[in-house]
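Under my numbering, the first residue of the sequence shown carries the number 158, and numbering increases by one thereafter.
Scroll down for the structure; my scribbles are underneath it.
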Amino acid sequence: MTATSGAACGKVILLGEHAVVYGVPAIAAGITRGALAEAEPAPDGRASLVLGGSEHGFEGAGDELAQAFAALCAELPGAPPARVRAESALPPGGGLGSSAALGVAIARAVGALAGGAPSDRVLAAAGAWERVFHGNPSGIDTTAAALGGCFRYTRADGAAPLEMRSDLWLCVGLTGVASSTKAMVASVAHLFERKPEIKDSTLQGITALVQNAALAISAGDIVGLGRLMDLNQMLLAGLFVSTEDLERLCDLARQRGALGAKLTGKGGGGAAIALLDAHSDAEAGGAGAPIIEAWRAAGYDGFITPIRSARALHAG
Ligand code: MEV
């Protein structure tokens with residue numbers, strides 16, 4: 158049997174991380190940078206996984222990795238034991254969904270050995286993989302990795318693609334500091350246990366921001382969306398998941414013309430996103446360059462990425 162392959166997107170959360178764990182809606186999108194996997198039936202019948210490249214793009218190691226791979230394969234019962242090689246182009250522990258992208262890419266490649274796994278099986282397999290590393294993931298990362306495009310997400314109802322008036326463009330800034338999703342989610346849970354009043358007000362606030370952001374996206378109101386992202390960042394800082402690096406990335410981006418900026422994903426390091434005042438790929442280059450330049454001067458790497466509507470993606 159010939160080798161099969163699978164690919165998956167990285168992700169950014171535009172609004173609603175952490176709150177989404179508690180059932181609140183969030184808005185996320187897939188980005189082109191992601192992960193790739195290749196699989197072939199294991200000649201000796203023993204499944205194995207090699208994470209290639211210099212970066213493993215991966216929060217777990219050793220036993221956890223073997224456990225996660227076994228949990229993933231158990232959700233794909235029709236597939237033969239597979240020898241898998243996978244690689245992520247995303248920074249490990251960097252808030253851009255590296256482990257979820259690997260999980261989805263591997264599930265797709267292994268599933269393809271049995272003729273192709275349906276999307277709900279791929280999500281179940283990648284979810285089992287993620288639970289080994291992250292404990293109680295909301296599923297938003299694996300959904301973005303599998304789906305791409307821009308969508309609203311809740312734990313209860315999953316993803317609903319968002320109507321977009323036009324594409325959005327972001328600068329993604331990397332703190333270079335890896336953090337653990339499990340630890341960051343646990344620290345928010347601890348805060349909420351100690352201070353239930355913070356839990357209620359924060360979840361209510363983020364629910365309202367996400368609802369307004371969905372309206373802003375469908376109306377093409379990027380100025381409004383940027384303001385909502387700034388407000389979400391304030392609420393995230395109140396949960397102690399922002400850091401000096403993340404605040405600096407956001408401040409520099411706003412000073413250089415970003416419409417709004419916030420951390421994306423778990424925080425505690427990882428990445429920040431800045432919404433560009435742009436309506437085309439060409440405009441995004443012009444609007445993003447001063448931000449990337451300011452970040453580089455301050456010692457941070459970054460890149461520009463479009464956020465396309467799900468419809469645009471499926472149209473090719
Ligand atoms: C991590 O990318 C997003 C969090 O909301 C955790 C989760 O939803 O599983 C922090």
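C-beta: ideal position from N, C-alpha, C; glycine also.
No experiment lies behind these values; they were computed from the predicted model shown.
Does residue i come out as helix, strand or coil in the three-state DSSP assignment?
i	result
L396	coil
A186	strand
G217	Because G217 sits at a pLDDT of 49, beneath the cut-off of 50, its placement in the model cannot be relied upon, and the following sentence gives the value as read from the coordinates. Residue state, collapsed to three classes: coil.
G210	For G210, the predicted model reports a pLDDT of 48, less than 50, meaning its position is unreliable and no value from the coordinates is stated.
T161	strand
A191	Correcting the residue identity first, residue 191 is Gly in this sequence and not Ala. Strand at G191.
K356	helix
E174	coil
R312	coil
G473	Low confidence applies here, because G473 scores a pLDDT of 42, under 50, leaving its location unreliable; read the following figure in that light. Reduced to three states, the DSSP call for G473 is coil.
S276	helix
V181	coil
L233	coil
G443	helix
A199	coil
G330	strand
Using 8 Å as the threshold, is the C-beta distance between residue i and residue j below it?
i	j	result
A160	L229	no
A194	A243	yes
R240	A196	yes
A186	I461	no
T251	C166	With the sequence shown as reference, residue 251 is identified as Gly, and Thr is not the correct amino acid for it. In this structure, C166 does not lie closer than 8 Å to G251 by Cβ.
M321	G425	no
L280	T311	no
S344	G427	no
L393	K352	no
W452	G459	yes
T332	L396	no
Let's see if you can read the secondary structure: which residues bound the beta strand (DSSP E) around residue i?
i	result
S437	Segment: none, S437 is in no beta strand (DSSP E) and carries neither H nor E.
P463	D458 to I464
E244	A239 to S245
T421	G417 to T421
R351	R351 -> not in any beta strand (DSSP E); alpha helix (DSSP H) instead, spanning T338 to R351.
Over the uninterrupted alpha helix (DSSP H) stretch that includes residue i, give me the two end residues.
i	result
G268	S255 to A269
R322	No alpha helix (DSSP H) contains R322, which DSSP labels as neither H nor E.
A429	From DSSP, A429 is part of no alpha helix (DSSP H) but of the beta strand (DSSP E) over A428 to L432.
D408	E401 to Q412
A455	No alpha helix (DSSP H) contains A455, which DSSP labels as neither H nor E.
A204	That residue, A204, is in no alpha helix (DSSP H); it is neither H nor E in DSSP.
Spatial neighbours of residue i within its chain, please: CB distance less than 6 Å, with the 5 preceding and 5 following residues excluded, ordered by chain position.
i	result
A176	L360 and I363
I291	The identity of residue 291 in the sequence shown is His, whereas the question assumes Ile. Excluding positions up to five away in sequence, the list reads T338 and K339.
G191	A165, C166, G167 and A258
V207	R242
P294	E287
L253	G167, L247 and A428
R413	P447, I448 and A451
Please look up how many angstroms separate the CB atoms of residue i and residue j, rounded, as I've assumed it's under 8 Å.
i	j	result
L172	I188	About 16 Å separates the two Cβ atoms, so there is no contact after all.
R278	L233	6 Å
C307	A410	At roughly 20 Å, the Cβ-Cβ gap does not stay under 8 Å, so C307 and A410 are not in contact.
S255	P248	7 Å
T421	V169	5 Å
A264	A282	4 Å
Given residue i, which residues of its chain have a CB within under 8 Å of its CB, disregarding the five upstream and five downstream residues?
i	result
V289	G217, E221, Q224, A225 and A228
A373	I379, G381, L382 and L385
A269	T161, S162, G163 and A196
For residue i, which residues in the same chain have their Cβ closer than 7 Å to its Cβ, ignoring the five residues on either side in sequence?
i	result
S323	G377 and H436
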